[in-house]
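J.: Going by the working numbering, the first residue of the sequence shown is number 31, and it counts up by one from there.
Note that beta-carbon positions come from the ideal geometry of N, C-alpha and C, so glycine has one too.
Predicted model only: the values in this text are computed from it and were never measured.
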Amino acid sequence: MAKSYHQYCPVACALDLVGERWSLLIVRELLEHRECRYSDLHASLEGCGTNILAARLKQLEAGGVVRRRRLPPPASATVYELTEYGQGLRPVMHQLAHWGARVMGPPRADDLEPGWLAGALQMAFPPTATGARIEFRINDERASLVDGDVEDGAIADPDAVVTGNASGFYGLVVDRDLDGVSIRGNKQAVRDVLATLPAATPVPVG
Numbered sequence: 031m032a033k034s035y036h037q038y039c040p041v042a043c044a045l046d047l048v049g050e051r052w053s054l055l056i057v058r059e060l061l062e063h064r065e066c067r068y069s070d071l072h073a074s075l076e077g078c079g080t081n082i083l084a085a086r087l088k089q090l091e092a093g094g095v096v097r098r099r100r101l102p103p104p105a106s107a108t109v110y111e112l113t114e115y116g117q118g119l120r121p122v123m124h125q126l127a128h129w130g131a132r133v134m135g136p137p138r139a140d141d142l143e144p145g146w147l148a149g150a151l152q153m154a155f156p157p158t159a160t161g162a163r164i165e166f167r168i169n170d171e172r173a174s175l176v177d178g179d180v181e182d183g184a185i186a187d188p189d190a191v192v193t194g195n196a197s198g199f200y201g202l203v204v205d206r207d208l209d210g211v212s213i214r215g216n217k218q219a220v221r222d223v224l225a226t227l228p229a230a231t232p233v234p235v236g
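Here it is, written out as structure tokens:
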């Protein structure tokens, strides 16, 4: 049984649904991948035991945030996906990601796993980052922002290509600093999508 704050408060009510440990990370995975098998979620959430994962998914289903769907043959597998109500967490996750990024600092090499760039773009840019096709080449990773959607890999005829390392990418999306990356093509298109990002918050001191 999930714990409740028993308060007539929208923040408390939201935390009743998604405030347990691992719950928002499950939402993060489903926002990035749209649908996941149980085994995919377990592999992505290192440190989350199978009993905890099963309990969190059950709670999210009961709260109307997540649903199960059976794929048709030949897959015949069960996947988890966000409901329309659960998709409403997307702007919340974008804001939370930018708020948290301020205290993370630039990543070290061993912080990054293969495929990290597409997920980072998902968390960084809201669906309102439309109107441009921008390819990102960060270290050995390739991912693209196409009219508000994220695609893994390179694209044909991008408006701009952003090249750099992970530290430069961090400065770009957290501080809107273009000096740490190289931009080929329409630089204004990059500025325009950066303008859709939340305003930077002060870094805590101490």
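May I ask you to verify whether the stretch 93-109 touches the stretch 120-131, counting CB pairs closer than 8 Å and requiring at least 3?
T.: No, because fewer than three Cβ pairs between the stretch 93-109 and the stretch 120-131 fall closer than 8 Å, the two stretches do not touch.
J.: By DSSP, does Leu119 sit in helix, in strand, or in coil?
T.: Correct three-state label for Leu119: coil.
J.: What is the residue span of the beta strand (DSSP E) that Glu65 lies within?
T.: Run containing Glu65: Glu65 to Arg67, per the beta strand (DSSP E) assignment.
J.: Looking at C-alpha atoms only, which residue of Gln152, Pro137, Leu147 and Pro102 is the closest neighbour of Leu60?
T.: Here the closest residue by C-alpha is Gln152.
J.: Helix or strand or just coil, what does DSSP make of Ser34?
T.: Ser34: coil per DSSP, three-state reduction.
J.: Below 8 Å on the Cβ atoms is my contact criterion, and I expect Leu147 with Glu171 to pass it. Report the Cβ-Cβ distance as a whole number of Å.
T.: Confirmed, about 4 Å.
J.: So the beta strand (DSSP E) Leu175 belongs to, where does it begin and stop?
T.: Looking at the DSSP string, the run of the beta strand (DSSP E) that includes Leu175 is Glu171 to Val176.
J.: Entirely within the stretch 46-113 and at least 4 residues each: give me those alpha helix (DSSP H) ranges in chain order.
T.: The stretch 46-113 contains these whole alpha helix (DSSP H) runs: 53-63, 68-74 and 80-92.
J.: Provide the residue span of the alpha helix (DSSP H) that contains Gly198, from first to last.
T.: Per DSSP, Gly198 belongs to the alpha helix (DSSP H) from Ala196 to Asp205.
J.: Kindly identify the DSSP beta-bridge partner or partners of Ala162.
T.: Paired residues: none, contrary to the question.
J.: How about Val96 and Ile164: are their beta carbons less than 8 Å apart?
T.: It is not a contact, given that the beta carbons lie outside the stated cut-off.
J.: State the Cα-Cα distance for the pair Thr158 and Val48, rounded to the nearest angstrom.
T.: Each residue's Cα considered, the two are about 24 Å apart.
J.: Which class does Asp179 belong to by DSSP, given the choice of helix, strand or coil?
T.: Correct three-state label for Asp179: strand.
J.: What does DSSP give as the partner residues of Ile185 in its beta bridges?
T.: None; Ile185 has no bridge partner.
J.: Beta carbon of Pro104, beta carbon of Ala196: below 8 Å?
T.: Not in contact: Pro104 and Ala196 (Cβ atoms no closer than 8 Å).
J.: Out of Ser174, Pro156 and Ile168, which has the shortest C-alpha to C-alpha gap to Ala186?
T.: Ranking the options by Cα distance to Ala186, first place goes to Ser174.
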